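Remarks on the structure that follows.
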């Protein structure tokens, strides 16, 4: 049924109900007693119409709830709020209607019981008896008037002679309550004594008769006007009361049905209004839900075109504006994404994006060129691309980057094409929590070869320079020895000659020792033994290294702070001991000219599986430009340094899979920090390698 039909049905039903209520006011139900076939047909038509309207309303209500149930079962958009609105309206309207119907039925039953109670019936009987008494009294007076007229001599004379006596009728017709009198003789003739029309209000007329000799007098008497009117009214009300008493059950049923019809109409009207209101709210909401679904599916061109009013219109407008902004943002993001992807695909370094669960999310063409496109395409985790030892190193870098934001190292990458030297940089994507990482792999094989060539060139130059320096005093000393020998042959004092020869030989011996030391250090650096790391106590290694400096650090305030809770580390005890000795020795030498000489050695846990060793001094420090070259072979900030000490330290640290960095110590000095991984058996459960 369409909306127009519902409007029309509602208007017709409302008009009929109002008519019935007005028509039935004060129980004026004369139409319950049809007097002819037409009125009976009208009564039947009205009753049928009421019944059909009740059936129609019931069907509409049932259909409304059925549609709501079906829409809710189908999970149709907007069905939830429509159902809630209809049920709320029905609950709000049915509660007062229910109590009003109960109260109306209660009032109806009490009223009918009071109207047809015994006192009312007694009053009705008393009214009937009073009416009968008035009639009897009027009849008695009419008979008395007839007897009085019959006893008059004029009446007897009139009956014999037929001659009317002048003024005879005026004696009684106008002076008594007689409006008609007639003389009837035995032979059947009649003489009208007086005649007139019944006066107004004389609705009840009585006839009296009296006999005389050979005649009979018949008179018509009238009741008083006010008594006649009241008697008629009493008779009418008595008839109505009897009709009502006879139809009391039908009246009760009719009014109960009328109450139920009105209640049903109120419920229907409430449901109908709720439906209309729900449509006004539900259609924009359904359109918004549909638009949200389209946006979720990627259709950013979709807009809400459903008309709405008030706040819903504002909501629709804001939603459309939001959708337009999302579309613009998506286009901007797509443009930036394309730009970023173009850059990512064009750079020569391999890039890996990892999720917070350390799963590979995406990579670039350079990485596919390193490992092979099929291998990269099938890889889900780092284990699918790298060797176990490389994966361990990468997980260490990931943990370090999570703490510091950035971590880097270099290692050899075993590929199908051979071994490549790569520089690995790991950056953490940090918000409130680490949401992922970006790993950049840069092939440094060519750069490393060039650096090695340059380094060996520098080594050769430095070695030549370092060897050339002692050769000059050796040559000069040899020349002096030769001259002194010539002098001895010429008779010079032997003591002077021997003194000079001895002095020159000592110089030659000292310079030869310098060359020997240089050759030994170079040989040791070139043929440094491979580390054999095993689980060791780092604190114990530090204590062993500091034992070497017993009595050698006079004037230096040494502060040792070792964390007893750190786990074991994988280390070659002797080599790592040499690292600590070298760092402490450099720190002590750097503080020789410093007014404040303080040395601090610390161990601490920097993470779940990371241990940090630091050596801090208050010396002259290292300039920022020298920090980059500090670990290169033969680079030294000391005047007579060989430049191999820190290079050996860097080499040992890298062989242990650790990292070493140089930091500024404020207010003055230098801080060397070594980060190492805990031994596998010492890591907490669930910590990645």
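In our numbering, the protein residues as written are 296 to 984. Every residue gets a Cβ at the ideal spot worked out from N, C-alpha and C, and that includes glycine. Given the structure is predicted, the values throughout are model-derived calculations rather than measurements.
By the neighbour-count criterion, in which 16 or more other beta carbons inside 10 Å mark a residue as buried, residue 951 falls on the buried side. Per DSSP, reduced to three states, the secondary structure at residue 605 is helical. The Cβ neighbour count for residue 365, taken over all protein chains shown within 10 Å, is under 16; the residue is labelled exposed. Per DSSP, residue 836 is not a residue of any beta strand (DSSP E); the alpha helix (DSSP H) it occupies stretches across 833-842. Contact between residue 381 and residue 558 does not hold, since their C-beta atoms are separated by about 17 Å, which reaches or exceeds 8 Å. The count of Cβ pairs closer than 8 Å, one atom from the region 826-841 and one from the region 788-807, stays below three, leaving the stretches out of contact. Under the 8 Å Cβ criterion, the region 610-619 counts as touching the region 592-601, having at least three qualifying pairs. According to DSSP, residue 715 shares a beta bridge with 708. Between the region 645-655 and the region 676-684, the count of Cβ pairs shorter than 8 Å is three or higher; the stretches touch. Cβ-Cβ distances below 6 Å link residue 870 to 826, 947 in the same chain, with the five nearest sequence neighbours on each side left out; the list follows chain order. Put simply, the region 871-878 does not touch the region 848-857. Fewer than three CB pairs are less than 8 Å apart. Sorting 710, 857, 771, 733 by C-alpha distance to the C-alpha of residue 898 places 857 at the top. Residues 694, 698 of the same chain have their beta carbon placed closer than 7 Å to that of residue 902, with the five preceding and five following residues left out of the count. Closest in alpha carbon position to residue 719, among 728, 707, 388, is 707. Sequence-distant Cβ neighbours of residue 789 in its own chain, meaning closer than 7 Å and more than five residues away, are 783. Rounded to the nearest whole angstrom, the CA to CA distance from residue 795 to residue 766 is 19 Å. Distance from the CA of residue 971 to the CA of residue 589, rounded to the nearest whole angstrom, comes to 52 Å. If you ignore the 5 residues before and after residue 730, its C-beta comes within less than 7 Å of the C-beta of 651, 724, all in its own chain and listed in chain order.
For residue 830, DSSP records a beta bridge to 865.
Judged by DSSP in its simplified three-state form, residue 486 adopts strand. In the three-state reduction of the DSSP assignment, residue 575 falls in the helix class, which pools H, G and I. Between the C-alpha atoms of residue 943 and residue 949 there is a straight-line separation of about 10 Å. By the Cβ rule, the region 919-926 does not count as touching the region 881-893, because fewer than three pairs are nearer than 8 Å. With fewer than 16 other beta carbons inside 10 angstroms of its own, residue 633 counts as exposed. Going by C-alpha positions, residue 701 is about 25 Å away from residue 741. Collapsing the DSSP output to three states places residue 912 in coil. Here residue 583 is actually not in contact with residue 384; their C-beta atoms are around 23 Å apart, not less than 8 Å. In the structure shown, the three-state DSSP call for residue 971 is strand.
Rounded to the nearest angstrom, the gap between the Cα atoms of residue 847 and residue 916 is 21 Å. Here the alpha carbons of residue 535 and residue 481 stand approximately 46 Å from one another. Residue 566 has its alpha-carbon roughly 10 Å from the corresponding atom of residue 387. The Cβ atoms of residue 908 and residue 926 do not sit closer than 8 Å to each other.
Sorting 904, 959, 353 by C-alpha distance to the C-alpha of residue 953 places 904 at the top.
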